[in-house]
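Going letter by letter, the sequence shown gives residues 821 to 1124 in our numbering.
All C-beta atoms in this analysis are idealised placements derived from N, C-alpha and C, irrespective of residue type, glycine included.
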Amino acid sequence: MNTLLNDILHTCRPYTVQGRLANYIPELAKADPDKLGICIVSDDGVHCAGDAQHRFTMQSVVKPLILLQALLDSSIEAVHDLVGVEATGKPFDAFNYSDQALTGAHINPMINTGAIALCTLIRGNTYAEKFDRLLNFTRKIAGNDSMVVDEAVYLSEKATGNKNRALAYMLKAYGMIHDPVDEILECYFRACSILASCEDLAKIAYVLANHGKDPVSGVQLFPAEDARYVNATLMTCGMYDGSGEFALRCGFPAKSGVGGGIMGVIPRRMGLGVYSPALDRKGNSLAGIRVLQQLSNQLDLSVF
821 MNTLLNDILH TCRPYTVQGR LANYIPELAK ADPDKLGICI VSDDGVHCAG
871 DAQHRFTMQS VVKPLILLQA LLDSSIEAVH DLVGVEATGK PFDAFNYSDQ
921 ALTGAHINPM INTGAIALCT LIRGNTYAEK FDRLLNFTRK IAGNDSMVVD
971 EAVYLSEKAT GNKNRALAYM LKAYGMIHDP VDEILECYFR ACSILASCED
1021 LAKIAYVLAN HGKDPVSGVQ LFPAEDARYV NATLMTCGMY DGSGEFALRC
1071 GFPAKSGVGG GIMGVIPRRM GLGVYSPALD RKGNSLAGIR VLQQLSNQLD
1121 LSVF
């Protein structure tokens, strides 16, 4: 397996120079575009290659965790009442979801508006408490108690996140959220700034692949029905407005982030984590998608 992973990285490395860093968040523009890593976690163990231990901020890869925490703290019904599950066909930070009044049916948990709204369903007396619960939950699923927030990225996002503020106020204008926008966004910006490695993402994905069960301890970390909800949403919405193309090329649930990470879920088989910070026009890791496409072809990972 290690030989296969190294061969795939070697073949896909030229794609690292074809994308662009997410320079609209100044700290993300400082990433090294030459970084490229992959990790697979399965019953056969942990297999890594390249820069698999390099830490990067999760960005939108944290959205499935926000969704899971909201499902655990509220209910499937409450989540589904607030946000839909249909792909928008729009960029992840778009405003114009519909010509009509904004409703939950127009957005989903894997775009910015949906994830911001779902922060309100996380249990806690304050948004600092909500975030702490989300961070501890992420650490638990990843099996890594050392996961922390990259403070420099968090402050950079907070300083430049005016579009997310506008999205949050739009949600508030349509009565979809009611709490103070700055407090909700404090939770959201910190969540996006959690540091993770390819191995962390692969371990989280493997728990999702096992329908919420920790494959090491055998403990059920969250209900299987919640895992199915998340995995189905990842399949249709996880790669932004490139989700259909990704389903065709790779064929499994996945979530990308503008930090360059992609988390892939192979139901009942394995979890995947890849990293390459240069992005395509839709905000997905350009080389990362190529790596996953080759891996899917080599190991027959498509669920279709």
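Give the straight-line distance between the Cα atoms of residue i and residue j, rounded to the nearest whole angstrom.
i: S1013; j: G1077; result: 11 Å
i: N982; j: S966; result: 30 Å
i: A1067; j: C1018; result: 21 Å
i: A937; j: Y989; result: 11 Å
i: A851; j: D970; result: 13 Å
i: C832; j: I997; result: 43 Å
i: L954; j: D893; result: 11 Å
i: G944; j: A1029; result: 28 Å
i: G857; j: Y1049; result: 28 Å
i: D854; j: G865; result: 27 Å
Would a C-beta distance cut-off of 8 Å place residue i and residue j closer than the cut-off?
i: I896; j: C939; result: no
i: A1047; j: H1031; result: yes
i: A1016; j: M878; result: yes
i: F1009; j: K1033; result: no
i: N1130; j: C1070; result: The chain is shown only over 821 to 1124; residue 1130 falls outside these bounds and no answer can be derived.
i: L848; j: V973; result: yes
i: H867; j: N822; result: yes
i: L1092; j: L1112; result: yes
i: G1080; j: G1062; result: no
i: L902; j: G870; result: no
i: A872; j: L941; result: no
i: P1073; j: M1055; result: yes
i: A962; j: D1020; result: yes
Report the CB separation of residue i from residue j in whole angstroms; it is logged as a contact under 8 Å.
i: T933; j: L987; result: 5 Å
i: T836; j: S1096; result: 5 Å
i: L1106; j: Q838; result: 6 Å
i: M1059; j: I860; result: Actually they are not in contact, since the Cβ atoms of M1059 and I860 sit about 19 Å apart, beyond 8 Å.
i: G1038; j: F912; result: Rounded, the Cβ-Cβ distance is 36 Å, inconsistent with contact.
TODO: For the segment 1020 to 1037 and the segment 1084 to 1097, state whether three or more C-beta atom pairs, one from each stretch, are separated by less than 8 Å.
DONE: Yes, the segment 1020 to 1037 touches the segment 1084 to 1097.
- Task: Would you check if there are 3 or more beta carbon pairs closer than 8 Å linking the segment 993 to 1007 to the segment 832 to 851?
- Result: Inter-segment contact for the segment 993 to 1007 and the segment 832 to 851 is absent: fewer than three beta-carbon pairs are separated by less than 8 Å.
Exercise for the section: Only counting runs of 4 or more residues, tell me where the alpha helix (DSSP H) segments fall wholly within the segment 925 to 958, in order along the chain. Expected result: When DSSP assignments are scanned along the segment 925 to 958, the uninterrupted stretches of alpha helix (DSSP H) that are 4 or more residues long and fall wholly within it turn out to be 932 to 938.
What are the complete alpha helix (DSSP H) segments, minimum 4 residues, inside the segment 1031 to 1080?
Complete alpha helix (DSSP H) runs here, min 4: 1044 to 1057, 1063 to 1069.
task: Go through the segment 949 to 1028 residue by residue and report every complete run of the alpha helix (DSSP H) that reaches 4 residues or more, in order.
output: Within the segment 949 to 1028, the complete alpha helix (DSSP H) segments at least 4 residues long are 971 to 980, 982 to 993, 1001 to 1012, listed from N- to C-terminus.
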